[in-house]
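Written out below as structure tokens is the structure these notes cover.
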Amino acid sequence: MQTELFFCSVPVTGMGQQVGPYGVQDTLRSGFSSVKNELLPSHALELSEKNFQLNQDKMNFSTLRNIQGLHAPLKLQMEYRAARQIQRLPFLQSSHLALDTLKGNDESISFEDILNDPAQSEMVGEPHIMMEYKLGLM
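Just so we're aligned: the sequence shown equals residues 1 to 138 in UniProt numbering.
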């Protein structure tokens, strides 16, 4: 008599994109999973506040389209996309100065400007390993 074992996999939410070869989340690369991200907003205004910048950009693009035509918001979106792609190596902190200048955030001081010191960042790692991971060699 031959017995067969069947293993069934139970889908677990929050396993993230980084799953290792044994089906376990790669915590070193993707960080800890958080239940807080999967919860519904606790207040009606929380979702509105979370999407404030996106709604502001949509309104600005709509106004720009009505005033200058269809080409103006398309050109600005292409410039935003190009400025987002400019970054330093993965193990160095990137300031995205060009994107801040395009959006007009370079003249304002916010929470991140004061308390986002790169020297206190937890994103410290081995430069060679981080570059190999980004290039897909690992």
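Positions of the beta carbon are idealized from the N, C-alpha and C atoms, including for glycine.
The structure displayed is predicted, hence computed values, not measured ones.
For residue i, the three-state DSSP class (helix, strand or coil)
{"i": "GLN77", "result": "helix"}
{"i": "GLN93", "result": "coil"}
{"i": "residue 139", "result": "Only positions 1 to 138 of the chain appear in this structure, which leaves residue 139 out of reach."}
{"i": "LEU54", "result": "helix"}
{"i": "HIS71", "result": "helix"}
{"i": "PHE32", "result": "coil"}
{"i": "ILE109", "result": "coil"}
{"i": "HIS43", "result": "coil"}
{"i": "GLY100", "result": "The sequence as given places Asp at residue 100; Gly does not occur at that position. DSSP places ASP100 in helix when its eight states are reduced to three."}
{"i": "VAL12", "result": "Residue confidence is low: VAL12 scores 43 on pLDDT, short of 50, so the model does not pin down where it sits. Its coordinate-derived value is still stated next. DSSP places VAL12 in coil when its eight states are reduced to three."}
{"i": "LEU137", "result": "coil"}
Residue from the options with nearest C-alpha to residue i
{"i": "ARG95", "options": "VAL19, ASN116 and VAL24", "result": "Checking the displayed sequence, the identity of residue 95 turns out to be Ser instead of Arg. Residue ASN116 is the option with its Cα nearest to SER95."}
{"i": "PRO127", "options": "LEU47, PRO21 and ARG88", "result": "ARG88"}
{"i": "LYS58", "options": "LEU74, THR27, LEU45 and VAL19", "result": "LEU74"}
{"i": "GLU132", "options": "PHE61, ILE67, ARG29 and LEU45", "result": "ARG29"}
{"i": "GLN93", "options": "GLY125, SER42, THR27 and GLY136", "result": "GLY125"}
Under 8 Å between C-beta atoms of residue i and residue j
{"i": "SER34", "j": "GLN25", "result": "no"}
{"i": "ARG81", "j": "ALA72", "result": "no"}
{"i": "MET138", "j": "PRO90", "result": "no"}
{"i": "ASP100", "j": "ASP106", "result": "yes"}
{"i": "LEU54", "j": "ALA83", "result": "no"}
{"i": "ILE86", "j": "ALA98", "result": "yes"}
Residue(s) in a DSSP beta bridge with residue i
{"i": "GLN25", "result": "VAL19"}
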